[in-house]
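Asks: Residue numbers (UniProt numbering), protein chains in the order written: chain A, 1 to 343; chain B, 1 to 305; chain C, 1 to 347; chain D, 1 to 360. We treat Cβ as the ideally placed atom computed from N, Cα and C, and that holds for glycine. Predicted model, so just to flag it, every value in this text is computed and none were measured. Before I ask anything, here is the structure I am working with.
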Amino acid sequence: MPGDQPVLEAVDVGKEFPVHDRFGGSRAVRAVEHANLALYPGRITALVGESGSGKTTLARLLALFHPPTSGEIRLDGLPVTAATPRGEYHSAVQLVFQDPFAALNSLHRARYMLRRALQLHGRGGSRAEVERASLDLLRRVNLTPPERILDSFPHQLSGGQRQRLVIARALAVQPRVLLADEPISMLDVSIRLDVLNLLATLRDEQGLAMLYITHDIASARYLADTVHVMYAGQTVEGGPRDSVILQPKHPYTRLLLDSSPDPARSMADGADDPFAGVAEAGEPPNLADPPPGCRFHPRCPFAMDECRREFPARTTFADGGWAHCWLHRKGRTGELLADVAVS
Amino acid sequence: MIGGILRSAKVRFGLALFGFFVLVAVVGPWVTGSLWGVSATAIDYHHLHAAPSALHPFGTTGTGQDVLAQLVVGARGSVAVGLSSGILATVLAALVGVTAGFLGGRADQVLTVLTNLFITMPSFAVILIVAGYVQGASWLVIAFLIGIFEWPGGARYLRAQTLMLRNHDSTVAARMLGENRRRLIVAEVMPHLTGIISAMFLRAVVAGIFAEAALDFLGIGSADTISWGTMISVAQDQNAIVRGYWWWFAPPGLCIALIGTATALVNFGLDEITNPRLRTANPAAVRRFERAARRRARTVREVAA
Amino acid sequence: MSTTAQSTAPTGRRGRTLGPVLLDVRGLSVDYLTTHGPVRACADVSLTLRRGEILGVAGESGSGKSTLVTALTRLQRPPAVTAAGSVEYRPVEGEPVDLVTLSERRLRRLRWRDLAIVMQSAMDCLNPVMRLGAQFVDVIREHDRSMSTRAAKARTAELLRMVGIPAERAASYPHELSGGMRQRSLIALALACDPALVVMDEPTTAVDVVMQRQILAQLVALQQTLHFAIVFVTHDLSLLLELADRIAVMYAGRIVEIGSAYDIYRSPRHPYTEGLRTAFPPLRAPVRRMTGIPGAPPDLADLPPGCAFAPRCRYATDDCTTAVPALRPVGAQHVACVRTEEADDAR
Amino acid sequence: MSEALVTAGTAPGGARTGGRVTRRLVAGRLRYLLRRLGFYLFTGWAAITMNFVLPRFMPGDPGDALLRGMQRQTGQVPTPEQIAAVRTFYGDPTHNLLAQYGRYWWDLAHLRLGTSLSQYPTPVSHLVGDALPWTMVLVGATTLLAWVLGTLLGAYMGWKPGNRFDSVFAPVTTFVHAIPPFWLSLLALYVFGFVLGWFPLSGGYDPSVPFRLNNVWFLLSVLKYGALPAMTLIFIGFNGWLFSMRNVMVTTVSEDYVQLARAKGLSPTRVLLKYAARNALLPNVTGLALAIGGVIGGVLLTEIVFTYPGMGYLLFQALQQHDFPVMQAIFLLITLTALAANFIADSLYALLDPRTKERG
């Protein structure tokens with residue numbers, strides 16, 4: 001039941017943090033800049049980027065942990081301000097944390113966590129009702145046997161079980177938006193897929209709008225409908241997943257794809273050595289002193305003068321994708337896509 | 001968690017020792033006074049500065065008072081000052097530290113400067129000078145003075161811990177669920193701090209006992225009450241050392257050392273529980289294994305030769 | 001053990017000819033001596049490594065892969081102890097030696113000149129109060145006393161340039177370097193004494209995929225010219241499939257399957273390997289619904305009887321719980337599963 | 001292209017070129033030290049002011065009580081100078097508080113610490129000047145020795161935690177650590193001074209020898225009289241250093257860079273000293289600075305036990321005889337040296353640790 005109106009939106013959001021060094025000095029770090037994102041019911045949007053790209057900051061802005069420095073966040077099309085009641089907002093938007101070991105208070109049983117979540121959002125009722133609702137939540141995230149899980153402390157659960165419990169607790173609120181911040185990166189490889197499948201089920205069956213934050217572009221493609229790519233605090237590209245991943249329209253997305261492990265590519269008959277021809281491509285910038293204009297230009301093989309001066313406006317493509325890149329403004333789209341076709 | 005702590009032999013032993021002294025302080029004077037009929041102040045003119053004997057198991061003081069009775073009554077004096085100063089210091093530390101850590105911002109800045117101010121001041125010298133002005137103060141005043149200078153280290157530590165807990169994912173998650181500030185502190189943050197605070201309290205009690213003894217020794221404690229400190233002080237004043245009355249000054253010091261060790265043991269045990277690196281290590285098993293390995297290697301060499 | 005027989009065709013990827021056997025590990029077991037008795041983190045591991053070969057070790061947390069690394073290099077600290085087995089190292093000249101029983105002094109002479117190591121967290125591996133260059137000179141001169149400090153400094157500059165770090169960075173403290181540079185400098189450091197074997201424990205998990213690819217490309221290029229062998233440990237099987245000549249898959253402290261990267265990719269024989277193979281969604285191939293492996297990795301202190309994977313295995317039968325299956329040849333690789341043939345039929 | 005990338009490529013939180021890093025670092029440290037200095041100046045001001053305020057807010061008029069006490073003791077009416085000296089410190093109800101405060105600072109600035117009441121009319125500065133060298137030499141030397149011994153042994157114990165040596169010493173250290181130092185001193189005096197008779201029971205030198213620094217016999221007597229207090233102090237201090245060094249060392253030894261140093265095949269001594277101990281040392285170095293600063297305040301009680309003619313004993317006498325000017329002078333001295341030591345410790349920390357890890 002995907003809808004057409006975004007539930008939650010970030011419109012040209014920026015965020016600066018003061019960073020203190022050990023000796024009491026402080027500088028502003030521009031963690032996020034020109035960030036745009038829209039989450040629709042029944043759709044998963046992936047936000048892909050390296051560590052330090054600002055993707056977690058963006059999620060935390062959306063979770064209202066801190067206010068954005070510029071731009072605005074809209075819930076159901078209405079801007080969220082300091083006056084917006086937090087309780088109301090958080091009954092619509094919940095966050096799933098990266099580290100399921102840290103996200104659960106080790107001194108509480110699962111029963112307590114679910115009960116509090118239910119009670120705080122008006123789903124309390126009698127003890128039996130709460131118990132029934134809690135068991136139901138656990139079943140929805142495939143935590144079995146729910147009766148035993150309810151009595152467990154976090155340390156008695158495995159990593160995957162804990163992450164399911166975190167998801168169950170978020171669901172207790174009956175949110176419409178779920179922000180999942182690298183929900184599988186701390187889990188063992190063999191159980192990651194099942195957590196992703198759970199998220200997909202929640203999208204399909206309950207029409208949740210979901211943000212899936214990850215550094216693993218392959219998992220983004222597996223789970224998400226839409227993929228956004230973030231680099232050094234700026235959202236540089238977005239669109240339907242196959243548009244972004246099979247036909248990247250930003251040089252950074254291309255670099256990311258070329259760098260990601262892809263056994264299918266290297267195991268194909270007559271394939272080149274996957275490590276042949278990998279060029280030095282530098283490192284992401286220091287966000288306390290980022291390069292002007294497009295922040296990717298120092299690493300970009302196509303960089304031109306414009307890139308150093310100004311952040312490019314969005315170019316939208318026929319396949320529904322968009323990118324912030326001067327190549328498209330300058331009619332050089334062909335150069336980028338030609339290269340992709342070769343690899 | 002509590003059960004886990006008690007599983008450590010060190011903690012159990014330390015707590016038992018500590019509990020023993022508190023018990024002595026509470027019921028001891030009554031036992032010696034009413035049951036044995038030995039008074040800490042009564043003077044036995046027939047046995048001045050007598051060495052330990054059946055009549056006076058720990059001997060008598062230079063003025064013929066029973067050392068054991070004094071020790072038991074002194075326990076009450078020392079433990080009373082230790083406990084009250086410990087409670088004061090711990091409450092202050094928790095109030096200042098947790099408040100600063102949880103509220104942050106301006107309140108945190110002010111409280112942090114205050115804490116640092118108290119940390120940098122040489123507390124014992126300050127206690128000394130203040131106690132000097134109010135010489136002959138009651139034990140409660142002494143306890144107050146000690147407690148008021150004993151909190152800042154704990155406050156600093158609790159502030160750091162609270163800050164960490166406040167920003168911990170689990171607290172953030174609870175806040176996102178809509179828990180209010182009071183409940184965040186009481187149900188999410190404080191339960192994690194109970195271990196630290198109890199260890200801190202034990203340390204503060206012992207620090208109080210130490211400080212009280214030292215003040216007594218300098219002659220600025222409360223003159224009218226008997227404590228382990230006054231016992232040592234009086235013994236020193238009356239040249240117990242050069243007259244060889246070891247039974248007079250040795251036991252009270254030993255008591256202080258024992259209660260200090262008890263606290264150290266509890267803290268050790270707590271460390272081992274909170275620090276997994278220390279917990280899983282089994283030094284004895286490792287040593288056994290290494291011995292066996294050396295033996296094996298020797299045999300291998302011998303066989304080869 | 002017949003693992004040696006399996007690597008008779010000594011050609012690796014990228015058209016490299018592999019040399020003679022360099023390392024022969026037999027029945028290696030590592031215990032953690034805890035207060036509740038010993039916990040076996042690494043059980044009966046046998047493998048061989050040829051000169052110039054890249055052996056990948058894949059496994060999840062608690063699979064014993066990191067323990068294996070420290071045991072191979074004898075860097076484990078109490079309460080971890082090598083309880084059984086041998087690690088035979090065959091130098092170019094001289095007799096083979098067993099690294100497990102070698103005297104501390106003789107082992108020290110082998111270290112870094114013959115076997116070097118790159119550890120996981122680059123930030124923590126460099127001494128924070130020593131300049132980068134000094135940490136190179138330190139080890140270069142330790143193993144070659146005849147070298148002057150000046151020559152050692154020149155060698156340091158050469159090593160740093162080799163991994164793409166400007167030589168003047170030798171004067172920096174570790175905290176002044178970026179994450180990528182620190183990781184590269186650790187690789188350069190590992191190559192300082194031209195070792196025959198470099199053991200790498202998740203050397204790129206702390207850096208991003210772009211940096212990872214660049215570092216690995218550099219590593220592969222260096223290996224082409226310097227011909228050292230690599231034991232590369234990671235949880236990322238898809239990375240190993242691209243990098244390694246052979247791959248050993250570990251589960252609950254044991255090797256459950258070992259074979260060439262190609263065979264592991266094309267026809268994984270152990271149900272666990274098979275599960276791992278399909279646990280990584282494809283980057284470009286059409287997306288289809290995939291499933292992970294049910295359950296969670298076991299607690300090493302409380303292993304299920306028989307095959308540790310049995311409780312999560314969809315092919316498991318009663319046979320699986322009776323005994324720990326031994327590693328035996330199946331197809332082109334070695335597999336520790338009692339019923340691989342039947343499993344093949346089921347597929 | 002790749003060259004341009006190398007210079008531009010920096011890590012988040014890193015910096016571009018060495019020169020800029022260094023400059024920012026130096027500026028950062030300077031700013032940090034200035035801020036710390038400001039804080040200690042403030043604390044110093046607070047302590048000195050407290051010293052001024054306290055007696056003035058005590059119930060009653062302690063200055064008046066004191067003067068009457070002096071009159072009783074000496075049988076003479078205090079001279080105007082004496083009254084002025086007392087009033088400087090204890091306040092004069094007839095004077096403006098602010099003017100008094102100014103006067104108080106003026107006197108302090110000229111090191112006019114007043115006159116001792118118990119040894120009238122010796123200026124307090126003379127008494128302090130006589131006692132200070134004894135304390136500085138005895139405690140300074142023992143602190144250093146204890147530090148060296150404790151740190152070395154602690155480093156060794158932490159190098160292989162859990163070995164036989166460590167498992168025997170650690171509990172012993174715990175127990176010694178829990179003993180009140182003054183009581184340990186008493187015990188030492190009893191055993192080695194009284195029972196065994198190896199050392200004199202009190203004093204800092206042989207009173208039968210002329211007090212002259214160029215007299216060998218005098219110096220020898222100083223050594224003889226100082227030996228027992230010194231050894232006691234070393235024993236007490238040594239345990240503390242050993243304890244802290246061992247504990248830091250235990251965590252440092254399991255750091256990856258120490259592991260890597262072992263893997264590099266460096267000799268164990270080199271790994272121990274250059275990699276492990278060098279990193280574990282920092283807390284003990286700054287601790288030493290604090291201890292040197294706390295020399296006067298730290299071992300008052302031990303001096304009293306041994307009737308050693310240093311600051312501790314001077315304070316003890318002042319306390320017994322209610323000699324407030326002396327008490328206050330010593331209090332100020334203790335406070336100011338402690339503050340200075342804190343500042344030195346902070347500076348050492350900023351100087352010795354090259355790391356400037358940023359925190360968000």
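Compare the C-alpha of A187/B against each of F101/A, S106/A, G49/A, H121/A and name the closest.
Replies: Residue S106/A is the option with its Cα nearest to A187/B.
Asks: Have a look at D151/A and M176/B and give me their C-alpha separation to the nearest angstrom.
Replies: 23 Å
Asks: CB-CB under 6 Å to R26/C, same chain, minus the five flanking residues each way: which ones, in chain order?
Replies: S46, G85, S86
Asks: Does the beta carbon of Y262/C come closer than 7 Å to any beta carbon on chain D?
Replies: no
Asks: For G150/D versus L242/D, is the C-beta spacing smaller than 7 Å?
Replies: yes
Asks: Give the secondary structure of C42/C by DSSP, where H, G and I count as helix, E and B as strand, and everything else as coil.
Replies: Three-state result, C42/C: strand.
Asks: Using a C-beta to C-beta distance shorter than 7 Å, which residues of chain C count as neighbours of F289/B?
Replies: When 7 Å is used as the limit between beta carbons, F289/B is near these residues of chain C: L33, V81, in chain order.
Asks: To the nearest whole angstrom, what separates the beta carbons of Y225/D and N127/C, a pair I think is in contact under 8 Å?
Replies: Between Y225/D and N127/C, the beta carbon gap of about 46 Å keeps them out of contact (Cβ cut-off 8 Å).
Asks: Which partner residues of D242/A appear in the DSSP bridge assignment?
Replies: Answer by DSSP bridge pairing: none, since D242/A is not bridged.
Asks: Can you give me, in chain order, the residues of the segment 172 to 204 of chain B that have a beta carbon less than 9 Å from any beta carbon in chain A?
Replies: V172, A173, A174, R175, M176, L177, G178, E179, R183, A187, E188, P191, H192
Asks: Just checking: is the beta-carbon of T280/B within a distance shorter than 7 Å of some beta-carbon in chain C?
Replies: Note that T280/B scores 47 on pLDDT, short of 50, meaning its location in the model is unreliable; the coordinates nonetheless yield the value given after this. At least one chain C Cβ lies under 7 Å of T280/B.
Asks: Could you spell out the range, first to last residue, of the alpha helix (DSSP H) harbouring V128/D?
Replies: Start and end: 124 to 159.
Asks: To the nearest angstrom, report how far apart L319/D and L54/D are at their CA atoms.
Replies: Cα to Cα, the separation comes out at about 17 Å.
Asks: Taking 6 Å as the limit between beta carbons, can you name the residues of its chain near R192/A, skipping five residues before and five after?
Replies: Excluding its 5 nearest sequence neighbours in each direction, R192/A has C-beta neighbours in its own chain below 6 Å: I184, listed in chain order.
Asks: Would you tell me roughly how many angstroms separate the C-alpha atoms of Y349/D and V285/D, rounded to the nearest one?
Replies: 8 Å
Asks: Under a CB-based cut-off of 7 Å, is D169/B close to chain A?
Replies: yes
Asks: Comparing alpha-carbon positions, which option in C294/A, R60/A, D76/A, A220/A lies nearest H250/A?
Replies: C294/A
Asks: Count the C-beta pairs between the segment 237 to 245 of chain B and the segment 185 to 198 of chain D that are closer than 8 Å, then say yes if the count reaches three, no if not.
Replies: yes
Asks: Which of helix, strand or coil does DSSP assign to L179/A?
Replies: strand
Asks: Could you pull the start and end residues of the beta strand (DSSP E) that T234/C belongs to?
Replies: From DSSP, the beta strand (DSSP E) with T234/C extends over 229 to 234.
Asks: Chain B beta carbons: is any one of them nearer than 7 Å to that of A117/A?
Replies: Yes, A117/A lies at the interface with chain B (some Cβ there is under 7 Å from its Cβ).
Asks: For H324/A and R74/A, I'd like the C-alpha separation in whole angstroms.
Replies: 22 Å
Asks: With respect to the beta strand (DSSP E) encompassing E242/C, which residues constitute its N-terminal and C-terminal limits?
Replies: Unbroken run through E242/C is the alpha helix (DSSP H), 237 to 243; no beta strand (DSSP E).
Asks: Among R111/C, L22/C, A154/C, T278/C, which has the Cα closest to the Cα of E95/C?
Replies: L22/C
Asks: Quick one: list the residues of chain C neighbouring V286/B, beta-carbon separation under 8 Å, in chain order.
Replies: Per Cβ cutoff of 8 Å: L33, P78, P79, V81.
Asks: Counting only beta-carbon atoms, is F17/A nearer than 7 Å to chain B?
Replies: No, its Cβ sits nowhere closer than 7 Å to a Cβ of chain B.
Asks: To be precise: take each residue of the segment 124 to 138 of chain C, compare its Cβ to all Cβ atoms of chain D, and keep it if any distance is under 8 Å. Which residues remain?
Replies: D124, C125, L126, N127, P128, V129, M130, D138
Asks: Of all the beta strand (DSSP E) runs that stay within the bounds of the segment 186 to 267 of chain D, which reach a length of 3 or more residues?
Replies: None, since the segment 186 to 267 of chain D contains no complete beta strand (DSSP E) of that length.
Asks: How is the alpha helix (DSSP H) around F210/B delimited, first residue to last?
Replies: 190 to 217
Asks: Just mark Y212/A as buried or exposed, buried being the case when its beta carbon has 16 or more other beta carbons within 10 Å.
Replies: With at least 16 other beta carbons inside 10 angstroms of its own, Y212/A counts as buried.
Asks: Around the C-beta of V100/C, are 16 or more other C-beta atoms found within 10 angstroms, so that it is buried, or is it exposed?
Replies: buried
Asks: Quick one, are the C-beta atoms of P100/A and G54/A less than 7 Å apart?
Replies: no
Asks: Smallest Cα separation from P20/C: which of V92/C, D318/C, L28/C, A217/C?
Replies: Distances from the alpha-carbon of P20/C to those of V92/C, D318/C, L28/C, A217/C put V92/C closest.
Asks: When the Cα of L300/C is compared with those of V199/C, T17/C, V39/C, A285/C, which residue comes out closest?
Replies: V39/C
Asks: Just the Cα atoms here: how many angstroms apart are R254/C and L327/C?
Replies: 9 Å
Asks: Quick check: is the beta carbon of W151/B nearer than 7 Å to any beta carbon in chain D?
Replies: no
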